[in-house]
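And the structure:
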């Protein structure tokens, strides 16, 4: 028994990266965007209180589906606060594995607000300053502010200049207020609008690959504030709640785009209608303990039709299967087709076949991932093996196959990890790195070094690199060379944090002369 308890304590909960993969539906971090990663980083540093937040706030996080939100609110209204994560896993729509990932971005506050007393709206503020310089003389900088009043109001303001931009980036300003009664949410300024499965309205990042079961279905957040440096919508949006009905309306000055959605939630069933100035759609989802169905059909006002439908089946805890069919209509550049997948706690396999109606080209893809966890004495091991293949018969290099193996060993405050990639497309390419890290509550430092040989741009290998919150670094390794980086975090106290990243990439063995590049980035954060 003691050995079992020790193993369970060593295995612990999913870390940030694995939790993001579970909740986003991606099979690796390289599939996500900078804005999406920053969204999860913000939630990790400012967890949502599942016992206090209202419907609008819960949906805006993007962590829960409309059915899960309705199920949680119904449970709270009948039984009061959720007192433990084990109790949450018994609520309809919340599996134990999902709850474990959710714990990285949410809390279960207890105590609530005593009757007759005003709700606590404690003010909090986070101001981030960042700057960077490269050996070629280019510089970058940015400033971002996040201000909130409990779970009732939030304000984002940001301004930045990237290495590639010669002038200032357009500033982002977004504010939201979350109500408890009929007016559930108001967003002013820049905002995201995500409804249904995204056939009619889905701003911001969308997973384009079906490399994991979680990517088959999307959770519409409705309207939500955004701190993105490249928001697509700006105007005013509001959500109204009338019992099981919710009405969402907005107008974006960007593109002169009106948006409306009407959703009805029953026990286990969600249905909604979405309309913009270009198209309209009907979306529905049926959720049961061991299976669920979802789908959306859309039509443009010019008569173009598209649809998708899918299902999940859970025969027993820890096992899940899914299927998705999609048709995007004529002259669409996306791949219509069929995808299917199966996963367990440590293994997943997906296959997708599709074709483009505008060109008639076909594509076949398969991704397998094995990521068990193990422990020996006081060492925790996290292997992760990923195999993927893509076949496009009409391409000059029709087959692209990649094998990727990672392993991480954790012993107390020490972390040793490595990664190796082998890829075949135009030619044979490979990549390798190893990393040593030391992490405590107040200080962390990671040193990474690697080699790569990629002679053709079509064979490039993307690699996720550690960086400060709000900065997503996924360089494409190309050429013949080596790279090294140092990443350090110092949390002086609860108010002040500092991040430093030093990096260099050199090409001494390149087939043609190529100049290397070095960079330094510094980020400071003040948290009130």
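Numbering (my numbering), first residue to last: 13 to 540. Backbone N, C-alpha and C define an ideal beta-carbon position, used for all residues, glycine too. Here the structure is a predicted model, which is why all the values come from computation and not from measurement.
- Under the three-state reduction of DSSP output, residue 58 falls in the coil class, being neither helix nor strand.
- Taking C-beta atoms under 8 Å as the contact rule, residue 299 and residue 105 qualify, at a distance of about 6 Å.
- With a cut-off of 8 Å on Cβ pairs, the stretch 85 to 99 is not in contact with the stretch 238 to 255, counting fewer than three such pairs.
- One thing to note: residue 333 has its Cβ no nearer than 8 Å to the Cβ of residue 319.
- In the structure shown, the three-state DSSP call for residue 418 is strand.
- Fully contained in the stretch 255 to 337 are the following beta strand (DSSP E) runs of length 3 or more, in chain order: 257 to 264, 269 to 278, 281 to 288, 291 to 299, 303 to 312, 317 to 328.
- Close CB contacts of residue 511 within its chain, under the 6 Å cut and outside five residues either way in sequence, are with 480, 501, 535 (chain order).
- Sequence-distant Cβ neighbours of residue 408 in its own chain, meaning closer than 6 Å and more than five residues away, do not exist here.
- DSSP places residue 28 within a helical segment (H, G or I) once states are collapsed to three.
- Rounded to the nearest angstrom, the gap between the Cα atoms of residue 424 and residue 449 is 11 Å.
- The Cβ atoms of residue 523 and residue 472 do not sit closer than 8 Å to each other.
- Residue 353 and residue 382 have their C-alpha atoms some 14 Å from each other.
- Residue 212 is not bridged by DSSP to any residue.
- Just measuring C-alpha positions, the residue of 438, 441, 288, 416 sitting nearest residue 430 is 416.
- Annotation for residue 81: the continuous alpha helix (DSSP H) segment containing it runs 78 to 91.
- Contact check for residue 539 and residue 506: beta-carbon distance about 7 Å, within the 8 Å limit, so the pair qualifies.
- Around the CB of residue 116, 16 or more other CB atoms lie within 10 Å, so the residue is classed as buried.
- Distances from the CA of residue 86 to each of 73, 63, 72 were compared; the closest alpha carbon is that of 63.
- Scanning 61, 366, 135 for the CA closest to the CA of residue 114 turns up 61.
- Of the candidates 197, 154, 167, 188, the residue whose Cα lies closest to the Cα of residue 180 is 154.
- If only complete runs of 4 or more residues are kept, the stretch 97 to 157 shows the alpha helix (DSSP H) at 97 to 100, 108 to 114, in order along the chain.
- In this model, residue 161 and residue 464 are separated by some 48 Å (Cα to Cα).
- For the pair residue 261 and residue 290, the CB atoms are not nearer than the 8 Å cut-off.
- Looking from the CA of residue 362, the closest CA among 224, 443, 210 belongs to 224.
- Rounded to whole angstroms, the Cβ separation of residue 82 and residue 277 is 4 Å, and the two are in contact under 8 Å.
- In this structure, residue 398 sits away from residue 412, with a CB-CB distance that is not shorter than 8 Å.
- Looking at 231, 202, 192, the one whose alpha-carbon comes closest to that of residue 211 is 231.
- Taking 8 Å as the cut-off, the Cβ atoms of residue 459 and residue 498 count as close.
- Per DSSP, reduced to three states, the secondary structure at residue 400 is strand.
- Closest in alpha carbon position to residue 209, among 488, 196, 292, is 292.
- Per the C-alpha coordinates, the member of 96, 80, 103, 144 positioned closest to residue 533 is 144.
- The beta carbons of residue 184 and residue 240 sit about 6 Å from each other, so the pair counts as a contact at 8 Å.
- Taking every protein chain shown into account, the CB of residue 39 has 16 or more other CB atoms within 10 angstroms, so this residue is buried.
- Considering only 169, 156, 215, the residue with the shortest C-alpha distance to residue 48 is 215.
- Ranked by Cα distance from residue 259, the options 234, 245, 238, 414 are led by 234.
- Distance between residue 391 and residue 148, taken at the CA atoms: about 42 Å.
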